[in-house]
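Trainee: Quick one: the structure is below, questions incoming.
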Amino acid sequence: MVTLADVARHAGVSSSTVSYVLSGKRSISTPTRQRIEKAITDLGYHPNAGARALAGKRSHIIALVVPLHTEVYVPTMMEIAISVTVTARQYGYDVLLITNDEGPEGVRRVAASGLADGVILMDVRLDDDRLPALRAQGTPAALIGIPDDPSGLACVDHDFAAAGALCVDHLADLGHRDLAFVGYPPRVYQRHAGYAERTLNGFRRRAEQRGLRVLHRPCEGTYESTAGTLARILADRPGTTGFVVQNEGAVGPLLSLLRTTGRTVPEDASVVAICPDQLAEQYAPRLTAVTGPRKELGQVAVEQVLARIDAAAAGGAAPDDALLLLAPDLVVRESTAPAPRRVTTTEEPST
Numbered sequence: 002m003v004t005l006a007d008v009a010r011h012a013g014v015s016s017s018t019v020s021y022v023l024s025g026k027r028s029i030s031t032p033t034r035q036r037i038e039k040a041i042t043d044l045g046y047h048p049n050a051g052a053r054a055l056a057g058k059r060s061h062i063i064a065l066v067v068p069l070h071t072e073v074y075v076p077t078m079m080e081i082a083i084s085v086t087v088t089a090r091q092y093g094y095d096v097l098l099i100t101n102d103e104g105p106e107g108v109r110r111v112a113a114s115g116l117a118d119g120v121i122l123m124d125v126r127l128d129d130d131r132l133p134a135l136r137a138q139g140t141p142a143a144l145i146g147i148p149d150d151p152s153g154l155a156c157v158d159h160d161f162a163a164a165g166a167l168c169v170d171h172l173a174d175l176g177h178r179d180l181a182f183v184g185y186p187p188r189v190y191q192r193h194a195g196y197a198e199r200t201l202n203g204f205r206r207r208a209e210q211r212g213l214r215v216l217h218r219p220c221e222g223t224y225e226s227t228a229g230t231l232a233r234i235l236a237d238r239p240g241t242t243g244f245v246v247q248n249e250g251a252v253g254p255l256l257s258l259l260r261t262t263g264r265t266v267p268e269d270a271s272v273v274a275i276c277p278d279q280l281a282e283q284y285a286p287r288l289t290a291v292t293g294p295r296k297e298l299g300q301v302a303v304e305q306v307l308a309r310i311d312a313a314a315a316g317g318a319a320p321d322d323a324l325l326l327l328a329p330d331l332v333v334r335e336s337t338a339p340a341p342r343r344v345t346t347t348e349e350p351s352t
């Protein structure tokens with residue numbers, strides 16, 4: 002492989018002079034520049050991505066860091082990734098997929114290599130350890146998700162707290178007083194996934210405001226784990242009539258298990274899922290669901306990172322911090338109905 006040092010020797014100049022010609026950062030005499038350009042042509046030298054970045058030329062590539070967790074609902078992740086790719090192409094950019102199991106080192110590697118002009122991070126945790134690397138590298142970036150400290154960053158996400166509150170309001174308005182939240186596996190909350198924690202917090206806050214009793218039970222999403230989760234809910238709170246599910250794998254098993262316990266949906270128990278509409282439509286009864294515009298997440302993220310790439314190329318200040326929350330929608334279908342008449346309890350509301 003021909004190196005920059007080979008070009009310098011062939012042209013009879015220093016390596017730094019070759020770098021200045023490639024970067025354009027210093028004025029080089031016309032004869033010297035022509036000699037270097039001829040050496041580059043003669044040797045077939047191709048500057049690597051890092052050199053092109055130094056030259057101020059864009060790679061026209063955006064790195065998209067995607068999650069590979071087993072609990073991630075792949076269709077949703079793919080829809081967002083496709084939206085990023087399609088939108089990027091509209092602006093003349095290609096997308097490089099990076100898996101998030103590389104962590105901060107992967108972010109540093111991409112930034113240092115010059116392979117990508119900017120980075121979009123998915124699956125953002127509240128205390129995400131990739132963010133210090135992004136800030137230190139000064140890499141133009143956009144986040145699909147919101148960390149605890151979003152300063153200096155461009156973030157877009159669904160308003161998951163509002164999604165949790167919508168579920169509570171819908172069931173409360175139907176007269177349900179005892180609610181159960183069937184969530185993701187424990188490890189999702191342990192790694193502080195923003196979408197999971199924000200939904201649960203919004204659910205709990207609104208339930209407290211409405212004076213409802215609630216339980217939260219994490220669930221692995223298999224039939225066996227959902228059976229155990231439902232058994233614990235009914236043992237702890239047998240009067241539960243409203244169920245909110247934020248776990249795509251647990252939706253089908255929960256509907257089946259409610260039937261096996263003699264609870265008809267929606268006459269005896271109402272179910273609200275936080276999931277895509279196409280998933281909600283697959284079940285019988287069709288699920289009342291809270292969802293959000295996934296394609297728009299990708300579109301906004303691309304526009305945000307491109308604005309920062311343009312500002313960096315122009316040598317100007319980065320755009321102001323951006324934190325955009327996309328409002329969720331509640332679509333009422335056949336899985337929710339007025340709460341059945343039950344003997345009231347004197348227990349105090351709890352969260």
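Just so you know, the sequence shown maps onto residues 2 to 352 in my numbering. Note that the Cβ used here is the ideal one computed from N, Cα and C, for glycine as well.
Under 8 Å between the Cβ atoms of residue 163 and residue 203?
Mentor: In this structure, residue 203 lies closer than 8 Å to residue 163 by Cβ.
Trainee: Measure the alpha-carbon distance for residue 331 versus residue 3 and round it to whole angstroms.
Mentor: Distance between the alpha carbons of residue 331 and residue 3 is about 60 Å.
Trainee: Is it right to say residue 149 is buried, meaning 16 or more other beta carbons lie within 10 angstroms of its own, or is it exposed?
Mentor: Exposed, because fewer than 16 other Cβ atoms sit within 10 Å of the Cβ of residue 149.
Trainee: Starting from residue 156, follow its DSSP beta bridges and name the residues at the other end.
Mentor: In DSSP, residue 156 forms a bridge with 144 and 324.
Trainee: I'd like the list of long-range same chain contacts for residue 302, defined as Cβ closer than 7 Å, with 5 residues on each side in sequence excluded.
Mentor: The residues are 85, 121, 143, 145 and 157.
Trainee: By Cβ distance, which residues of its chain are closer than 6 Å to residue 37, with the 5 residues on each side in sequence left out?
Mentor: Answer for residue 37: 12, 19 and 22, listed in chain order.
Trainee: With H, G and I counted as helix, E and B as strand and the rest as coil, what does DSSP make of residue 22?
Mentor: Helix.
Trainee: Quick one: grab the DSSP three-state call for residue 223.
Mentor: DSSP places residue 223 in coil when its eight states are reduced to three.
Trainee: Do the region 89-105 and the region 259-275 make contact, defined as three or more Cβ pairs closer than 8 Å?
Mentor: Judged by Cβ distances under 8 Å, the region 89-105 makes no contact with the region 259-275, as fewer than three pairs qualify.
Trainee: Taking the Cβ atom as the reference point for each residue, do residue 115 and residue 60 lie within a distance shorter than 8 Å?
Mentor: Contact flag set, yes.
Trainee: Thinking residue 66 and residue 44 are a contact (beta carbons under 8 Å), I'd like their distance in whole angstroms, please.
Mentor: At roughly 36 Å, the Cβ-Cβ gap does not stay under 8 Å, so residue 66 and residue 44 are not in contact.
Trainee: What is the DSSP secondary structure of residue 131, counted as helix, strand or coil?
Mentor: It is coil, neither helix nor strand.
Trainee: Does residue 309 pass the burial test, meaning 16 or more other C-beta atoms within 10 Å, or should it be called exposed?
Mentor: Buried, by the Cβ-count rule.
Trainee: Let's test the definition: count the other Cβ atoms within 10 Å of the Cβ of residue 174 and tell me whether it reaches 16, buried, or not, exposed.
Mentor: Classification of residue 174: exposed, given that the 10 Å Cβ count is below 16.
Trainee: Beta strand (DSSP E) containing residue 330: first to last residue?
Mentor: Per DSSP, residue 330 belongs to the beta strand (DSSP E) from 330-332.
Trainee: Thinking just about the alpha-carbon of each residue, which of 63, 243, 233 and 294 is nearest to the one in residue 98?
Mentor: Among 63, 243, 233 and 294, the Cα nearest to that of residue 98 belongs to 63.
Trainee: Just curious, the alpha helix (DSSP H) that residue 292 is in, first and last residue?
Mentor: It is not in any alpha helix (DSSP H) - residue 292 instead sits in the beta strand (DSSP E) that spans 289-292.
Trainee: Since I believe residue 197 is in contact with residue 184 (beta carbons under 8 Å), could you give me their beta-carbon distance rounded to a whole number of angstroms?
Mentor: Right, their Cβ atoms sit about 7 Å apart.
Trainee: What residues in its chain sit with their C-beta under 6 Å from that of residue 296, if we drop five residues either side in the sequence?
Mentor: Once the five neighbours on either side are set aside, the close Cβ partners of residue 296 are 84.
Trainee: Residue 254: buried (16+ other C-beta within 10 angstroms of its C-beta) or exposed?
Mentor: Burial call: buried.
Trainee: Are there 16 or more other CB atoms within 10 angstroms of the CB of residue 243, so buried, or fewer, so exposed?
Mentor: Buried.
Trainee: Going by DSSP, which residues form a beta bridge with residue 214?
Mentor: DSSP, once it has assigned bridges, lists 179 as partnering residue 214.
Trainee: Give every residue of the same chain whose Cβ lies closer than 7 Å to the Cβ of residue 190, excluding the five residues on either side of it in the sequence, and list them in chain order.
Mentor: For residue 190, where only same-chain residues beyond five positions count, the Cβ hits under 7 Å are 197, 198 and 219.
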